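**Q**
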Amino acid sequence: MFIQIIDILGTVAFAISGVLVALDKRMDAFGVLIIAFVTAVGGGSLRDVMVGIEPVSWMTNMTYVYVIIGSAAFAVLLRNKIAYLRTSLFLFDTIGIGLYTVVGIETALIAGLHPIICIALGTMTACFGGVIRDILCNEIPVIFRKEIYATACILGGMTYFLLRKFVADNNFIFVVAGAVVIATRLLAVKFKISLPSLYKTGDDLAA
Amino acid sequence: MFIQIIDILGTVAFAISGVLVALDKRMDAFGVLIIAFVTAVGGGSLRDVMVGIEPVSWMTNMTYVYVIIGSAAFAVLLRNKIAYLRTSLFLFDTIGIGLYTVVGIETALIAGLHPIICIALGTMTACFGGVIRDILCNEIPVIFRKEIYATACILGGMTYFLLRKFVADNNFIFVVAGAVVIATRLLAVKFKISLPSLYKTGDDLAA
Amino acid sequence: MFIQIIDILGTVAFAISGVLVALDKRMDAFGVLIIAFVTAVGGGSLRDVMVGIEPVSWMTNMTYVYVIIGSAAFAVLLRNKIAYLRTSLFLFDTIGIGLYTVVGIETALIAGLHPIICIALGTMTACFGGVIRDILCNEIPVIFRKEIYATACILGGMTYFLLRKFVADNNFIFVVAGAVVIATRLLAVKFKISLPSLYKTGDDLAA
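Chains as they are written, first to last, in our numbering: chain Z, 1 to 207; chain H, 208 to 414; chain S, 415 to 621.
1) At which residues does the alpha helix (DSSP H) containing Z/Cys137 begin and terminate?
2) Between the Cα of Z/Val181 and those of Z/Tyr100, Z/Val167, Z/Gly31 and Z/His114, spot the shortest distance and give me the residue it belongs to.
3) What's the C-alpha gap between H/Phe244 and S/Ile562?
4) In terms of alpha-carbon separation, which member of S/Ser611, S/Ser431 and S/Phe558 lies closest to S/Arg500?
5) Taking Cβ-Cβ distances below 7 Å as the criterion, which residues of the region 254-276 of chain H are in contact with chain Z?
6) On a Cα-Cα basis, can you pick out the residue from S/Ile509, S/Val455 and S/Val463 that is closest to S/Ile417?
7) From the beta carbon of H/Val239, is the nearest beta carbon of chain S less than 8 Å away?
8) Thinking S/Ala566 and S/Thr598 are a contact (beta carbons under 8 Å), I'd like their distance in whole angstroms, please.
9) Find the residues of chain Z that neighbour S/Lys606, judging by a C-beta separation of less than 9 Å, and give them in chain order.
10) Chain H partners of S/Tyr613, CB-CB under 7 Å?
11) In whole angstroms, what is the alpha-carbon distance linking H/Asp410 and S/Ser608?
12) Under 8 Å: do the region 50-61 of chain Z and the region 448-468 of chain S share three or more Cβ pairs, one atom per stretch?
13) Taking C-alpha atoms, which residue in Z/Thr63, Z/Trp58 and Z/Asp28 lies nearest to H/Pro348?
14) Just to confirm my understanding: we take H/Val192, look at its own chain, exclude 5 residues before and 5 after, and list those with CB closer than 7 Å. What are they?
15) Give the interface partners of S/Arg547 over in chain H, defined as CB-CB distance under 7 Å, in chain order.
16) Taking all protein chains shown into account, decide if H/Ile326 is buried (16 or more other Cβ within 10 angstroms of its Cβ) or exposed.
17) May I ask which residues mark the beginning and end of the alpha helix (DSSP H) holding S/Tyr478?
18) Taking Cβ positions only, does Z/Leu121 come closer than 8 Å to chain H?
19) With three or more C-beta pairs closer than 8 Å as the rule, is the region 359-370 of chain H touching the region 41-51 of chain Z?
20) What's the C-alpha gap between H/Ile333 and Z/Ile34?
21) Answer yes or no: does any C-beta atom of chain H fall closer than 8 Å to that of Z/Cys137?
22) Residues of chain Z with CB closer than 7 Å to the CB of H/Ala357, please, in chain order.
23) Give every residue of the same chain whose Cβ lies closer than 8 Å to the Cβ of Z/Ile82, excluding the five residues on either side of it in the sequence, and list them in chain order.
24) Can you give me the C-alpha to C-alpha distance between Z/Ile135 and S/Ala436, rounded to a whole angstrom?
25) Determine the closest residue to H/Tyr273 out of H/Ala395, H/Tyr291 and H/Thr218, with distance taken between C-alpha atoms.
26) Give a yes or no on whether the minimum CB-CB distance between Z/Ile140 and chain S is below 8 Å.
27) If you drop the 5 nearest sequence neighbours on each side, which residues of the same chain put their C-beta closer than 8 Å to that of S/Ile531?
28) Identify, in the order they occur along the chain, each residue of the same chain with its Cβ nearer than 7 Å to the Cβ of H/Ile350, setting aside the five sequence neighbours on each side.
29) Taking all protein chains shown into account, decide if S/Val581 is buried (16 or more other Cβ within 10 angstroms of its Cβ) or exposed.
30) Between H/Val396 and H/Leu298, what straight-line distance do the alpha-carbon atoms span, to the nearest angstrom?
31) Buried or exposed: where does H/Phe398 fall if 16 or more other Cβ atoms within 10 Å of its Cβ makes it buried?
32) I'd like to know whether the C-beta of Z/Arg145 is nearer than 8 Å to at least one C-beta of chain S.
33) Against Z/Ser45, what residues of chain H qualify as contacts under a CB-to-CB distance less than 7 Å, listed in chain order?
34) Closest to Z/Glu139 by C-alpha separation, out of Z/Asp24, Z/Pro196 and Z/Ile5, would be which residue?
35) Which value, in whole angstroms, describes the spacing of the CA atoms of H/Thr246 and S/Gly484?
36) Classify H/Ile317 as buried or exposed, calling it buried when 16 or more other Cβ atoms lie within 10 Å of its own Cβ.
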């Protein structure tokens with residue numbers, strides 16, 4: 001029940017982030033709706049297809065469909081006011097990736113995959129909706145360029161498997177690993193931490 | 208038999224539309240062939256992969272392969288004359304999306320999915336070949352921006368499920384739903400109807 | 415054993431080619447790693463998903479994961495020196511596509527598919543990692559524009575099925591078909607052979 005509420009909040013945040021990017025690109029109503037969908041369910045769909053869970057999970061649970069359509073309509077109607085919700089949306093989104101990461105890991109574990117693959121699939125679940133959104137909008141995916149986002153998911157995933165060595169309580173592991181994702185992202189944004197640059201200043205001038 | 212002819216006409220139109228976009232991007236012969244393929248079978252492949260029908264259906268029916276290779280060769284050879292065929296191509300393409308929508312819906316129904324998901328998969332079957340074509344050619348997908356295209360598929364899908372409540376004859380439903388897609392698209396193009404804009408004139412100036 | 419070494423060399427070359435493109439786009443460390451992965455395993459993943467082999471094969475063999483992470487780290491650290499390795503990388507890459515093509519064909523054969531589909535899947539295995547890399551980096555895929563690359567794979571694939579009519583020894587067919595891919599690509603690059611242009615000089619001026 002608790003998890004379902006978080007899941008819905010995450011879906012709302014992902015769908016709205018899709019709407020905002022699509023409006024920026026001046027898409028029509030149909031395009032906006034598709035981008036909202038893809039952002040919310042794209043990561044999980046890619047995971048399901050690669051692991052072999054078909055039909056992909058959102059297709060058998062209408063809750064997602066209604067939540068995404070509702071969020072998209074809400075975001076389109078109130079788009080001039082949505083700046084006021086920016087902090088809430090950021091929080092929902094961050095909670096969402098925490099949850100999606102752990103759900104992705106557990107899906108991969110059930111399929112009997114290696115911990116490193118599980119962490120990769122957890123990160124994919126959380127991040128690739130945004131990647132597909134950016135590709136459809138003809139942008140280089142933002143998470144490849146400047147945000148501590150995937151890195152937070154990877155840290156959460158490592159926590160998950162570290163805890164599994166010492167703790168028997170699955171719910172506890174689930175919550176702590178998700179919290180590590182959320183805390184890492186919040187701290188990184190608050191203190192403007194980013195990955196160490198691969199490029200020297202001289203490189204930057206050349207860019 | 209009748210359906211198979213329509214299916215082939217739709218495939219021809221989709222493949223040729225791929226060739227024309229690829230030639231615009233000055234791709235080489237191999238690139239042109241791939242884009243023709245992807246445009247014709249991309250939507251159905253995505254549907255099959257998400258529903259779990261594998262190998263995806265065009266791989267087990269060589270007719271598609273021969274039709275696409277033939278259409279691509281034809282379009283490359285006659286590309287300076289193809290302007291004369293524009294009306295025929297538009298008709299084939301419109302008939303094609305009508306058929307692809309209904310085929311997608313029925314595939315999803317057989318997999319036991321919810322009507323809304325079926326309509327989404329029907330629309331995906333008809334439209335996502337073009338979306339993948341545009342992504343491979345580094346364009347924002349045209350159907351997200353300005354055409355009554357997906358909307359026609361969605362209306363046809365709604366007709367399909369409305370009729371199912373009252374009519375027992377599946378062939379009748381199939382034909383009427385497909386005809387709604389075709390008629391919507393033809394009327395929209397003839398009378399220059401598009402989705403109501405989400406943007407105000409002031410927004411347009413800012414773009 | 416011999417095949418495994420070639421496979422690893424191909425994976426190294428593909429991963430490094432991904433790193434170089436990602437560095438050009440000034441991606442952060444995470445983006446570089448993802449592009450390295452996608453370039454190395456993207457073609458095989460797409461093949462597996464379309465044929466229905468799930469979980470996709472690299473997920474059940476950790477060798478790939480370690481080789482890709484190692485190659486990516488190596489390429490990032492030594493990126494200023496990597497120009498000296500350009501010839502080796504070109505060779506690895508060419509050997510890699512030879513091998514990947516034949517592996518793709520045999521995977522499709524086991525799934526009972528038609529020879530033309532098998533050749534298409536072999537070519538996809540060898541080439542589509544690079545295609546997805548280019549899409550994620552917001553470029554029109556390079557193999558659609560100017561290289562004898564896919565064409566080499568198609569020739570190798572045709573050799574494979576031609577030999578199967580006359581030769582019983584599968585290992586022999588495997589090696590010869592792979593060698594045809596490799597030789598075609600080497601000769602094409604050495605003698606600057608490309609596909610005959612679809613465009614007239616007049617077209618070029620207009621471009």
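For every residue, glycine included, the Cβ atom is placed at its ideal position computed from N, Cα and C. No experiment lies behind these values; they were computed from the predicted model shown.
**A** In terms of the structure at hand:
1) In the first sequence, counting from the first residue as 1, residue 137 of chain Z sits at position 137. Per DSSP, Z/Cys137 lies in no alpha helix (DSSP H) segment and is marked neither H nor E.
2) Looking up residue 181 of chain Z in the first sequence gives position 181. Measuring from the Cα of Z/Val181, the nearest candidate turns out to be Z/Tyr100.
3) On the second sequence, residue 244 of chain H is found 37 positions in, with the first residue counted as 1. On the third sequence, residue 562 of chain S is found 148 positions in, with the first residue counted as 1. The alpha-carbon atoms of H/Phe244 and S/Ile562 are separated by roughly 19 Å.
4) Taking the first residue of the third sequence as position 1, residue 500 of chain S is located at position 86. Nearest in C-alpha terms to S/Arg500, of all of S/Ser611, S/Ser431 and S/Phe558, is S/Ser431.
5) From the region 254-276 of chain H, only Val256, Met257, Val258 and Gly259 have a Cβ closer than 7 Å to chain Z.
6) Sequence index remark: in the third sequence, residue 417 of chain S carries index 3 (1-based). Comparing alpha carbon positions, the residue from S/Ile509, S/Val455 and S/Val463 closest to S/Ile417 is S/Ile509.
7) In the second sequence, residue 239 of chain H corresponds to position 32, counting from 1. The Cβ of H/Val239 sits closer than 8 Å to at least one Cβ of chain S.
8) Locating residue 566 of chain S in the third sequence gives position 152, counting from the first residue. Locating residue 598 of chain S in the third sequence gives position 184, counting from the first residue. Going by Cβ atoms, the distance from S/Ala566 to S/Thr598 rounds to 4 Å, so yes, they are a contact pair.
9) The count along the third sequence starts at 1 and reaches residue 606 of chain S at position 192. Within chain Z, no C-beta atom comes nearer than 9 Å to that of S/Lys606; the closest sits roughly 30 Å away.
10) The residue you call residue 613 of chain S lines up with position 199 of the third sequence. Here the neighbours are Arg233.
11) Translated into the one-based positions of the second sequence, residue 410 of chain H becomes position 203. Translated into the one-based positions of the third sequence, residue 608 of chain S becomes position 194. Residue confidence is low: H/Asp410 scores 49 on pLDDT, short of 50, so the model does not pin down where it sits. No coordinate-derived value is stated.
12) Short answer: they touch.
13) For this step, residue 348 of chain H is matched to residue 141 along the second sequence. Ranking Z/Thr63, Z/Trp58 and Z/Asp28 by Cα distance to H/Pro348 puts Z/Asp28 first.
14) The requested residue 192 of chain H does not occur in the structure, where chain H is confined to residues 208 to 414.
15) Here residue 547 of chain S refers to the residue found at position 133 of the third sequence. Going along chain H, no residue has its Cβ under 7 Å from S/Arg547, so there is no contact; the nearest lies around 13 Å.
16) Reading the second sequence from its first residue, position 119 is the one you call residue 326 of chain H. So H/Ile326 counts as buried.
17) Position 64 of the third sequence holds residue 478 of chain S. Met476 to Leu491 is the span of the alpha helix (DSSP H), which, as asked, contains S/Tyr478.
18) To locate residue 121 of chain Z, count along the first sequence from 1; it is residue 121. With respect to chain H, the C-beta atom of Z/Leu121 has no partner C-beta closer than 8 Å.
19) Below 8 Å, too few C-beta pairs join the region 41-51 of chain Z and the region 359-370 of chain H to call them touching: fewer than three.
20) Here the question's residue 333 of chain H lines up with position 126 in the second sequence. Here the question's residue 34 of chain Z lines up with position 34 in the first sequence. The displayed chain sequence assigns Ala, not Ile, to residue 333 of chain H. Spanning the two alpha carbons is a distance of roughly 14 Å.
21) Mapped onto the first sequence, residue 137 of chain Z falls at position 137. True, the Cβ-Cβ gap to chain H drops below 8 Å.
22) As a first step, residue 357 of chain H is located in the second sequence; it is residue number 150 there, counting from the start. By Cβ distance, chain Z contributes Phe30.
23) Against the first sequence, residue 82 of chain Z aligns to sequence position 82. Only Ile16, Leu20, Ala75 and Leu89 meet the Cβ criterion.
24) On the first sequence, residue 135 of chain Z is found 135 positions in, with the first residue counted as 1. On the third sequence, residue 436 of chain S is found 22 positions in, with the first residue counted as 1. Near 15 Å, if we compare the C-alpha coordinates of S/Ala436 and Z/Ile135.
25) Within the second sequence, the letter at position 66 stands for residue 273 of chain H. Per the C-alpha coordinates, the member of H/Ala395, H/Tyr291 and H/Thr218 positioned closest to H/Tyr273 is H/Thr218.
26) Translated into positions along the first sequence, residue 140 of chain Z becomes position 140. At least one CB atom of chain S sits nearer than 8 Å to the CB of Z/Ile140.
27) The residue given as residue 531 of chain S occupies position 117 in the third sequence. In the same chain as S/Ile531, and ignoring 5 residues on each side of it, the C-beta atoms closer than 8 Å to its own belong to Ala522, in chain order.
28) As a position in the second sequence, residue 350 of chain H is number 143, starting the count at 1. Around H/Ile350: Cys334, Gly337, Val338, Tyr356 and Ala357.
29) Within the third sequence, numbered from 1, the residue matching residue 581 of chain S stands at position 167. Looking at its Cβ environment, which holds fewer than 16 other Cβ atoms inside 10 Å, S/Val581 is exposed.
30) Taking the second sequence and counting its residues from 1, the one referred to as residue 396 of chain H is at position 189. Taking the second sequence and counting its residues from 1, the one referred to as residue 298 of chain H is at position 91. Going by the C-alpha atoms only, they are around 11 Å apart.
31) Taking the first residue of the second sequence as position 1, residue 398 of chain H is located at position 191. H/Phe398 is exposed by the Cβ-count criterion.
32) If you number the first sequence from 1, residue 145 of chain Z lands on position 145. Yes - at least one Cβ of chain S is within 8 Å of the one on Z/Arg145.
33) The residue labelled residue 45 of chain Z in the question sits at position 45 within the first sequence. In chain order: Met257.
34) Here residue 139 of chain Z is taken as the residue at index 139 of the first sequence, counted from 1. Z/Glu139 has its Cα closest to that of Z/Asp24, out of Z/Asp24, Z/Pro196 and Z/Ile5.
35) As a working mapping, residue 246 of chain H is identified with position 39 in the second sequence. As a working mapping, residue 484 of chain S is identified with position 70 in the third sequence. Between H/Thr246 and S/Gly484, the C-alpha separation is close to 37 Å.
36) Along the second sequence, one-based indexing puts residue 317 of chain H at 110. H/Ile317 counts as exposed, since fewer than 16 other C-beta atoms from the protein chains shown sit within 10 angstroms of its C-beta.
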